[in-house]
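Just so we're aligned, residue 1 is where the sequence shown starts under the UniProt record's numbering, counting upward by one. See below for the structure under consideration.
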Amino acid sequence: MSIIHYLEETRPERPLLPSDPIQRAQARTIASMIASGIQPLHNSSVLAGFPEEERTPRAANAIIKGFKAIEKFLKNSSGKYCVGDHITLADVYLFGSCLTSLRYNVNLNEFGLIYKVFQNLEKIESFQQGAWYNQPDCPENLKPGNTN
1 MSIIHYLEET RPERPLLPSD PIQRAQARTI ASMIASGIQP LHNSSVLAGF
51 PEEERTPRAA NAIIKGFKAI EKFLKNSSGK YCVGDHITLA DVYLFGSCLT
101 SLRYNVNLNE FGLIYKVFQN LEKIESFQQG AWYNQPDCPE NLKPGNTN
């Protein structure tokens, strides 16, 4: 969360928080739902405490449970993105969770609003470049399309 606050404070020309207080609260709520209710439960250090065969189902279950709550929330906030038609910090959080959900075989088609937002974000170059599997330290065996 610190890096997002840093970007918000140092790059005012591209805010990640809407100026409208209600939309700002919506963006923060979605980000918080992901940061505290989904991400910690599929973190590799948490999953390492479980037998190998339980890790994927546990991670998928945490993501599905969280996505159900977010899907309900998006009914009142979404447009092209999580909160209306402008990218917010909620989209940054959601994009990462959607990418992770695919790693754990979660079917995003079951979450129509989430999937719509994800598809819109996938078209944006900065989101593509920021994907975890496009980072220099990503192990080759975790990159999409790798069958090893």
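By construction, the Cβ of each residue, glycine as well, lies at the ideal position given by its N, Cα and C atoms.
{"Query": "Taking the continuous alpha helix (DSSP H) assigned at R24, which residues delimit it?", "Result": "P21 to G37"}
{"Query": "On a CA-only basis, which of A25, G112, T56 and T29 is nearest R103? Give me that one, please.", "Result": "T56"}
{"Query": "For S44, which of helix, strand or coil comes out of DSSP?", "Result": "helix"}
{"Query": "Less than 7 Å between C-beta atoms, sequence neighbours within five positions excluded: which residues of the same chain meet that for P144?", "Result": "Y133"}
{"Query": "For M33, count the other beta carbons within 10 Å of its own beta carbon; 16 or more makes it buried, fewer makes it exposed. Which is it?", "Result": "buried"}
{"Query": "Would A108 and S78 be called neighbours here (beta carbons separated by less than 7 Å)?", "Result": "Checking the sequence, you will find Leu at residue 108 rather than Ala. Cβ atoms of L108 and S78: not closer than 7 Å."}
{"Query": "Let me check one thing: in DSSP terms, what residues is S78 bridge-paired to?", "Result": "G84"}
{"Query": "Could you have a look at V117 and say whether DSSP puts it in helix, strand or coil?", "Result": "helix"}
{"Query": "Answer yes or no: does any C-beta atom of chain B fall closer than 7 Å to that of I64?", "Result": "Within the model displayed, chain B is absent; a lone protein chain is all it includes."}
{"Query": "Inspect the CB distances between the segment 84-96 and the segment 12-25 and report whether three or more fall short of 8 Å.", "Result": "yes"}
{"Query": "Taking all protein chains shown into account, decide if L142 is buried (16 or more other Cβ within 10 angstroms of its Cβ) or exposed.", "Result": "exposed"}
{"Query": "Just the Cα atoms here: how many angstroms apart are residue 182 and A90?", "Result": "This structure gives no information on residue 182, because the portion of the chain shown stretches from 1 to 148."}
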